[in-house]
Amino acid sequence: MALSPGKSYTFCYTYSGDVDSPPSNGVKADVYLMSEGNYRDFYYWNYEDRAENWLDEFDSLPVEYRDMITWMPFRDVHSYEKSESGYFSVSVDTQTSSSWFGSSQLIEYYLVFDNWDNNRNTDQESAGGALNVELLV
3 MALSPGKSYT FCYTYSGDVD SPPSNGVKAD VYLMSEGNYR DFYYWNYEDR
53 AENWLDEFDS LPVEYRDMIT WMPFRDVHSY EKSESGYFSV SVDTQTSSSW
103 FGSSQLIEYY LVFDNWDNNR NTDQESAGGA LNVELLV
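3 is the number of the first residue of the sequence shown in the working numbering; add one for each residue after it.
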């Protein structure tokens, strides 16, 4: 999603259980706002390798090293875990990111509705069924 600088965005979300595949662990899940680097380089990889069990060793790493191998929500605060509904607001101060080599590129953001047990120890476990989400922006 593209967020424009100077504007404030409010996201309101509500989860509900799917009628055809109701959740066995309740109607709670997680919501994360992430930048492209955290989503593509870490979160997506974390999701794809979830069956490999390498995350069992994650808790043994010192806290100061964990952010080098895992994803972080936008500005380290836009994580809304174990929730059935909620809202949050965000505004950005720039649309582009530049590198040491002078090239700049548009920053992309990802709003992730998470219904699996990811590598964060504060997240909601899998709902054990399908969830629907209603989103208002």
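All residues carry an ideal CB built from backbone N, CA and C; glycine is no exception.
Can you give me the start and stop residues for the alpha helix (DSSP H) that residue i sits inside?
i, result
"Glu-2", "Since the first and last residues shown for the chain are 3 and 139, residue 2 lies out of range."
Hey, quick one: how far does the beta strand (DSSP E) through residue i stretch, first residue to last?
i, result
"Tyr-41", "Neither: Tyr-41 is in no beta strand (DSSP E) and is coded neither H nor E."
"Val-135", "133-138"
"Leu-108", "106-108"
"Leu-63", "Note, Leu-63: premise wrong, no beta strand (DSSP E); not H, not E."
"Phe-163", "What the structure shows of the chain is the stretch from 3 to 139, and residue 163 is not part of that stretch, so it cannot be assessed."
"Val-94", "Here Val-94 belongs to no beta strand (DSSP E), and DSSP marks it neither H nor E."
"Asp-116", "111-116"
Determine the burial state of residue i: buried for a count of at least 16 other Cβ atoms within 10 Å of its Cβ, exposed for fewer.
i, result
"Leu-63", "exposed"
"Val-33", "buried"
"Gln-107", "exposed"
"Trp-73", "buried"
"Leu-35", "buried"
"Arg-122", "buried"
What distance in whole Å lies between the Cβ atoms of residue j and residue i, which are believed to be in contact at a cut-off of 8 Å?
i, j, result
"Tyr-15", "Val-135", "6 Å"
"Ala-129", "Asn-120", "With 8 Å as the limit, Ala-129 and Asn-120 do not qualify as a contact, their Cβ atoms being about 13 Å apart."
"Leu-133", "Phe-13", "With 8 Å as the limit, Leu-133 and Phe-13 do not qualify as a contact, their Cβ atoms being about 17 Å apart."
"Tyr-45", "Lys-30", "Tyr-45 to Lys-30, Cβ: 19 Å. No contact."
In terms of DSSP beta bridges, what is residue i paired with?
i, result
"Ala-4", "Answer by DSSP bridge pairing: none, since Ala-4 is not bridged."
"Ala-31", "Ser-85"
Contact criterion: CB-CB distance below 8 Å. Does residue i meet it with respect to chain C?
i, result
"Leu-35", "The structure shown contains no chain C; it is built from a single protein chain."
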